[in-house]
Amino acid sequence: SNYRHEIKFYLQKFVRSRKVRKELFKTLKELKMHLPSEKRSKGKSSTLNTLKYALRCVKQVKANEEYYQMLMINDSQPPGFDVSSYTIEEINSITSEYTLKNTDIFAVAVSLITGKIVYISDQAASILNCKREVFHNAKFVEFLTPQDVSVFYSFTTPYRLPSWSMCTGAESSPTECMQEKSFFCRISGSKGRDGELHYLPFRMTPYLMKVQDAELAEEQFCCLLLAERVHSGYEAPRIPPDKRIFTTTHTPNCVFQDVDERAVPLLGYLPQDLIGTPVLLNLHPSDRPLMLAVHRKILQYAGQPFDHSSIRFCAKNGEFITIDTSWSSFVNPWSRKVSFVIGRHKVRM
């Protein structure tokens with residue numbers, strides 16, 4: 001009797017296992033049908049590509065949901081906020097002042113309702129090494145590396161955007177407009193020779209505007225972005241040695257809190273790559289005890305600035321660069337404890 005029960009148990013387990021496998025293969029088959037043609041391949045790599053694409057879509061959907069929740073909560077236009085309306089032709093004309101002067105800049109207008117590209121300048125195709133057709137009817141976040149999608153949405157929330165018309169007033173210059181609050185994202189338009197997507201870092205400066213849709217005969221809120229490619233600070237045109245300076249702040253627990261955008265061409269990291277990571281993990285192993293000693297001194301002499309011997313910092317490419325740092329800290333006047341530590345770093349070459 002026990003033997004029969006055991007056989008019955010294993011048979012049921014086997015049947016359930018077969019059903020699960022059958023359902024799994026059916027689901028994978030359906031997923032593969034949604035995979036873009038350029039991503040399709042055969043064998044195990046096909047399954048892996050399918051799962052990677054599905055994960056990327058989930059991340060984008062999650063970011064979209066968070067974004068639209070913020071949009072619904074903050075959909076009211078700030079009082080006295082001047083948001084002018086432009087045609088596609090007018091956008092092309094006003095952005096050419098930037099794109100024609102700098103071959104590393106392209107302009108793109110993204111609908112705040114659908115997320116789709118409503119305008120993109122001709123320079124984008126050459127900078128991203130792709131055909132202009134890939135942007136047609138596409139969502140801009142599809143060209144971002146997945147880990148930067150949430151960064152993009154957080155910086156393009158409508159109530160946080162400066163109006164383009166306010167920026168381009170009579171007293172504003174192109175340089176001043178590019179100095180608005182910017183952020184960084186990695187963008188890709190095509191695959192490399194190895195078949196993988198290769199992302200390039202860009203400094204993104206966002207603005208709010210209304211775009212007149214000729215087909216729908218109505219206006220829609222859009223985010224206009226001026227995207228400038230970031231090059232290594234050690235390649236032509238090089239950043240002069242005396243200008244290779246950036247600042248960081250980290251918590252009393254030695255975790256990065258903020259990273260100056262000047263660090264991007266010098267370290268290769270985008271700010272979001274470092275924020276939230278331990279400072280020590282980015283240093284040469286031999287220099288970590290030195291950093292701990294410095295940190296203890298910072299906490300001991302709270303608020304007092306001082307210079308210290310150089311340390312080696314690991315750049316994005318894996319090489320170590322030597323930096324000389326001036327340290328200081330901000331002390332909470334109520335608790336009299338260090339709130340955060342400030343480092344002013346100069347790259348030594």
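Numbering (the UniProt record's numbering), first residue to last: 1 to 349.
All residues carry an ideal CB built from backbone N, CA and C; glycine is no exception.
The structure displayed is predicted, hence computed values, not measured ones.
Pull up the distance between the alpha-carbon of residue i and that of residue j, whole angstroms please.
| i | j | result |
| --- | --- | --- |
| residue 30 | residue 218 | 38 Å |
| residue 323 | residue 262 | 14 Å |
| residue 157 | residue 100 | 28 Å |
| residue 22 | residue 190 | 35 Å |
| residue 106 | residue 280 | 37 Å |
| residue 165 | residue 208 | 9 Å |
| residue 116 | residue 49 | 24 Å |
| residue 54 | residue 147 | 14 Å |
| residue 336 | residue 342 | 17 Å |
| residue 275 | residue 286 | 23 Å |
| residue 141 | residue 195 | 20 Å |
| residue 153 | residue 291 | 35 Å |
| residue 266 | residue 26 | 48 Å |
| residue 315 | residue 268 | 6 Å |
| residue 247 | residue 125 | 34 Å |
| residue 252 | residue 340 | 6 Å |
| residue 229 | residue 193 | 21 Å |
| residue 288 | residue 162 | 42 Å |
| residue 298 | residue 103 | 44 Å |
| residue 240 | residue 90 | 38 Å |
| residue 348 | residue 272 | 24 Å |
| residue 353 | residue 186 | Here the chain comprises residues numbered 1 to 349, so residue 353 is not present and cannot be evaluated. |
| residue 46 | residue 319 | 34 Å |
| residue 260 | residue 325 | 14 Å |
| residue 118 | residue 97 | 19 Å |
| residue 309 | residue 238 | 25 Å |
Taking all protein chains shown into account, do 16 or more other C-beta atoms lie within 10 angstroms of the C-beta of residue i, making it buried, or fewer, making it exposed?
| i | result |
| --- | --- |
| residue 244 | buried |
| residue 293 | exposed |
| residue 236 | exposed |
| residue 121 | buried |
| residue 84 | exposed |
| residue 51 | exposed |
| residue 18 | exposed |
| residue 136 | exposed |
| residue 338 | buried |
| residue 277 | exposed |
Could you check what DSSP says for residue i in three-state terms: helix, strand or coil?
| i | result |
| --- | --- |
| residue 275 | coil |
| residue 130 | coil |
| residue 319 | coil |
| residue 170 | Residue placement at residue 170 is poorly supported in this model, since its pLDDT is 47, which falls under 50; the coordinates still yield a value, given next. In this structure, residue 170 counts as coil in the three-state DSSP scheme. |
| residue 56 | helix |
| residue 250 | strand |
| residue 91 | helix |
| residue 270 | coil |
| residue 302 | coil |
| residue 373 | The question about residue 373 has no answer here: the residues shown for the chain are numbered 1 through 349. |
| residue 211 | strand |
| residue 112 | coil |
| residue 335 | coil |
| residue 293 | helix |
| residue 150 | helix |
Given 7 Å as the limit, tell me if residue i has its C-beta closer than that to any heavy atom belonging to the ligand HEM.
| i | result |
| --- | --- |
| residue 219 | As far as ligands go, the structure on display features none, and thus does not contain the ligand HEM. |
Rounded to whole angstroms, how far is the Cβ of residue i from the Cβ of residue j, which I believe are closer than 8 Å?
| i | j | result |
| --- | --- | --- |
| residue 198 | residue 188 | 6 Å |
| residue 264 | residue 201 | 7 Å |
| residue 313 | residue 282 | 6 Å |
| residue 222 | residue 112 | 6 Å |
| residue 160 | residue 184 | About 16 Å; that fails the 8 Å criterion. |
| residue 87 | residue 220 | Wrong, their Cβ atoms sit about 12 Å apart, outside the cutoff. |
| residue 134 | residue 225 | Going by Cβ atoms, the distance from residue 134 to residue 225 rounds to 17 Å, so no, they are not a contact pair. |
Compare the C-beta of residue i against all C-beta atoms of chain D and say whether one is closer than 8 Å.
| i | result |
| --- | --- |
| residue 281 | The displayed structure is made up of one protein chain only, and chain D is not part of it. |
Please determine if the region 319-333 and the region 293-310 are in contact, where contact requires at least 3 C-beta pairs separated by less than 8 Å. yes
Would the region 250-257 count as touching the region 127-137 if we require 3 or more Cβ pairs under 8 Å? no
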